[in-house]
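Asks:
Protein chains: 2
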Amino acid sequence: MVDRTASEASTLGERVFEQMLDMIYRGDLAPGSVVNEAALAVRFQVSRGPIREAVRRLQGIQLVTREPFAKARVVKLSRQALADLYEMREALEGYACRLVTERMSDQDLAELIAALETARQDYLRDGQPESLSDFDFHSRIIRASGNARLISTLYGDLYHLLRMMRRIKGHVPQRKHDAYSEHWQIIRAIKARDADLAESLMRAHIRRAAAHTMDEGQLTDVASR
Amino acid sequence: MVDRTASEASTLGERVFEQMLDMIYRGDLAPGSVVNEAALAVRFQVSRGPIREAVRRLQGIQLVTREPFAKARVVKLSRQALADLYEMREALEGYACRLVTERMSDQDLAELIAALETARQDYLRDGQPESLSDFDFHSRIIRASGNARLISTLYGDLYHLLRMMRRIKGHVPQRKHDAYSEHWQIIRAIKARDADLAESLMRAHIRRAAAHTMDEGQLTDVASR
DNA sequence: GACGCTCAAAGTGTCAACACTTTTGAGTTT
DNA sequence: AAACTCAAAAGTGTTGACACTTTGAGCGTC
Numbered sequence: 001m002v003d004r005t006a007s008e009a010s011t012l013g014e015r016v017f018e019q020m021l022d023m024i025y026r027g028d029l030a031p032g033s034v035v036n037e038a039a040l041a042v043r044f045q046v047s048r049g050p051i052r053e054a055v056r057r058l059q060g061i062q063l064v065t066r067e068p069f070a071k072a073r074v075v076k077l078s079r080q081a082l083a084d085l086y087e088m089r090e091a092l093e094g095y096a097c098r099l100v101t102e103r104m105s106d107q108d109l110a111e112l113i114a115a116l117e118t119a120r121q122d123y124l125r126d127g128q129p130e131s132l133s134d135f136d137f138h139s140r141i142i143r144a145s146g147n148a149r150l151i152s153t154l155y156g157d158l159y160h161l162l163r164m165m166r167r168i169k170g171h172v173p174q175r176k177h178d179a180y181s182e183h184w185q186i187i188r189a190i191k192a193r194d195a196d197l198a199e200s201l202m203r204a205h206i207r208r209a210a211a212h213t214m215d216e217g218q219l220t221d222v223a224s225r
Numbered sequence: 226m227v228d229r230t231a232s233e234a235s236t237l238g239e240r241v242f243e244q245m246l247d248m249i250y251r252g253d254l255a256p257g258s259v260v261n262e263a264a265l266a267v268r269f270q271v272s273r274g275p276i277r278e279a280v281r282r283l284q285g286i287q288l289v290t291r292e293p294f295a296k297a298r299v300v301k302l303s304r305q306a307l308a309d310l311y312e313m314r315e316a317l318e319g320y321a322c323r324l325v326t327e328r329m330s331d332q333d334l335a336e337l338i339a340a341l342e343t344a345r346q347d348y349l350r351d352g353q354p355e356s357l358s359d360f361d362f363h364s365r366i367i368r369a370s371g372n373a374r375l376i377s378t379l380y381g382d383l384y385h386l387l388r389m390m391r392r393i394k395g396h397v398p399q400r401k402h403d404a405y406s407e408h409w410q411i412i413r414a415i416k417a418r419d420a421d422l423a424e425s426l427m428r429a430h431i432r433r434a435a436a437h438t439m440d441e442g443q444l445t446d447v448a449s450r
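Respectively, the protein sequence lines represent chains A and B. Take 1 as the starting number for the first sequence in the working numbering and just add one per residue. Take 226 as the starting number for the second sequence in the working numbering and just add one per residue.
(1) What is the DSSP secondary structure of Ala72 (chain A), reduced to helix, strand or coil?
(2) Let me check one thing: in DSSP terms, what residues is Val260 (chain B) bridge-paired to?
(3) Run down chain B in chain order and give the residues with a C-beta less than 7 Å from the C-beta of Tyr159 (chain A).
(4) Do you know offhand how far Glu243 (chain B)'s Cα is from Ala110 (chain A)'s?
(5) State the start and end residues of the unbroken alpha helix (DSSP H) segment that holds Ile338 (chain B).
(6) Quick test of your reading: Arg314 (chain B) and Ile431 (chain B), contact by CB under 8 Å. State the CB separation rounded to the nearest angstrom.
(7) Within the stretch 297-321 of chain B, note down every full beta strand (DSSP E) run reaching 3 residues or more, in order along the chain.
(8) For Asn36 (chain A), go through chain B and note every residue whose CB falls closer than 9 Å to its CB, in chain order.
(9) So who's on the other strand from Val64 (chain A), going by DSSP bridges?
(10) Which whole-angstrom value is the C-beta distance of Val75 (chain A) and Leu63 (chain A), which I expect to be below 8 Å?
(11) Does the beta carbon of Ile257 (chain B) come closer than 8 Å to any beta carbon on chain A?
(12) Whose C-beta lies closer than 7 Å to the C-beta of Gln282 (chain B) among residues of the same chain, with five residues either side of it excluded?
(13) Using 8 Å as the threshold, is the C-beta distance between Val452 (chain B) and Leu237 (chain B) below it?
(14) Could you tell me the distance, in whole angstroms, from the CA atom of Leu426 (chain B) to the CA atom of Glu14 (chain A)?
(15) Using a Cβ-Cβ cut-off of 6 Å (strictly less than) and excluding sequence neighbours within five positions of Ala144 (chain A), which residues of its own chain qualify?
(16) Is any beta-carbon of chain A found at less than 8 Å from that of Gln284 (chain B)?
(17) Using only the alpha-carbon positions, how far apart do Ser10 (chain A) and Ala297 (chain B) sit?
(18) Indicate whether at least one CB of chain A lies closer than 8 Å to the CB of Ala373 (chain B).
(19) Scan the stretch 71-104 of chain A for residues whose Cβ lies nearer than 9 Å to a Cβ of chain B and list them as they occur along the chain.
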């Protein structure tokens, strides 16, 4: 059921896209599963046109694969493909870190440090790992890079895929405490304006996250879900 | 006029896409120009559906921008956007170079060196800068990286944009001789299995290409074409 | 001349029907 | 039981018409 109330001017195609994206994230459209235009049109009570629009857009962000005349499918990432994704993160987030080291003003850097310190205080008070938000740190670094293309590549494709995989993996024990200290090391390198070190530390950080995730061995069990 | 003869099974939408891509590369659909569905449908003698399919696909590779209910437009890159593109190349091609340094077999590396040497001999014999194909070298490095995501990011988006800009720029005096010697330095670093150096040299190579291109000052004249 | 309003024309989004391709499953043969 | 055939069903691609939104020409007012 597509919400047709126009809280803001939008098309059915875009609404269908949002809802299909949710379905993918939630696993209702699982990796490898068929994307059936006609069935979705019935489900959402729209014609096939907006479904096609949404599917094309999902294809554009790599969440769906499609061949002429064949049923579209939600992408199913192999272990190798996931490894490739993490390498892309190393390349891009590492480089973003370099750009930040070279470009971030002292004032903005002070604000980032203050925000990280606040998160640490929250953690000490609450003992909640969520206070050490992994994604917020990365988000801040990437957005601070100032490279719009880099930002849109990460947020436009790669993070959608990782988010989908996250759901598939289910709960992975977090490494928040380790991640937090790695963040601090990265920040110190940035503060010292050592771009090589900052980049290298960010890459290592992501490499460890990749190893942590892929060593959980759950990817080989994806097919059983 | 869309060629409807089925040399291979394909859809009208895909054929329209190919032809629109050509039009963009040739400047017939110039950056900033309106993409009018109805007019293109008449021109290609198909219904608006395949046009929409093609436009969605062009949007997926960032060559077209679109808002609901508004005319799509061929993207028009600002100077900053082009700079961002080159930075992306630095990040990704630099990283590809690192991967190659770490992974390429001695045999494959020897073949690459031989191919480069052949190009040099051709150049000495012909005096034709085309013998020192800039793109072939990069292509070989990127494909040899073994990271499918990286390859598709470069070939799926970034190079389309650069190709479009190349046409817009018109003829830029080539720096083939300099580029060639830089290629050799990169190869030597790869051969020495010095990933840091290889990456750094590739980045510098691309940075110089960027500076060379953007210093031609032609980008500020784009609007006059 | 500049600005604002009106409204028809132009253009995009959606729909349902038809055209075309692929998949499915029943029936037959080995 | 396995393999093959083939028609029907299912699903995708395309079309033209209608619904909806945006644009711009024409007109009136200041």
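Cβ atoms here follow ideal geometry from the backbone N, Cα and C, with glycine treated the same way.
Replies: Considering the structure as presented:
(1) Three-state result, Ala72 (chain A): strand.
(2) Under DSSP, Val260 (chain B) shares a beta bridge with B:Ala297.
(3) At a C-beta separation below 7 Å, Tyr159 (chain A) has no neighbours in chain B, since its nearest C-beta there lies roughly 13 Å away.
(4) Cα to Cα, Glu243 (chain B) sits roughly 50 Å from Ala110 (chain A).
(5) Under the DSSP assignment, Ile338 (chain B) falls in the alpha helix (DSSP H) whose first and last residues are Asp331 to Asp351.
(6) Taking the Cβ atoms as the reference, Arg314 (chain B) lies roughly 5 Å from Ile431 (chain B), within the contact range of under 8 Å.
(7) DSSP assignment within the stretch 297-321 of chain B yields the following whole beta strand (DSSP E) runs of 3 residues or more, N-terminal first: 297-299.
(8) Near Asn36 (chain A) there are no residues of chain B at all, since even the closest Cβ is about 18 Å away, more than 9 Å.
(9) Beta-bridge pairing links Val64 (chain A) to A:Val74.
(10) With 8 Å as the limit, Val75 (chain A) and Leu63 (chain A) qualify as a contact, their Cβ atoms being about 6 Å apart.
(11) The question names Ile, but residue 257 (chain B) is Gly in the sequence shown. Chain A, which has no Cβ nearer than 8 Å to the Cβ of Gly257 (chain B), makes this no.
(12) Sequence check: residue 282 (chain B) is Arg here, not Gln. The answer, listed in chain order, is Phe242.
(13) This structure cannot speak to residue 452 (chain B), because chain B is shown only from 226 to 450.
(14) Leu426 (chain B) and Glu14 (chain A): Cα-Cα distance of roughly 44 Å.
(15) Result list for Ala144 (chain A): Val100 and Met104, in chain order.
(16) Under the Cβ criterion of 8 Å, Gln284 (chain B) is counted among the residues facing chain A.
(17) Taking the straight line joining both Cα atoms gives about 16 Å.
(18) So yes, Ala373 (chain B) belongs to the interface.
(19) Only Gln80, Ala81, Ala83, Asp84, Leu85, Glu87, Met88, Glu90, Ala91, Leu92, Gly94, Tyr95, Ala96, Arg98 and Leu99 from the stretch 71-104 of chain A bring a Cβ to less than 9 Å from some Cβ of chain B.
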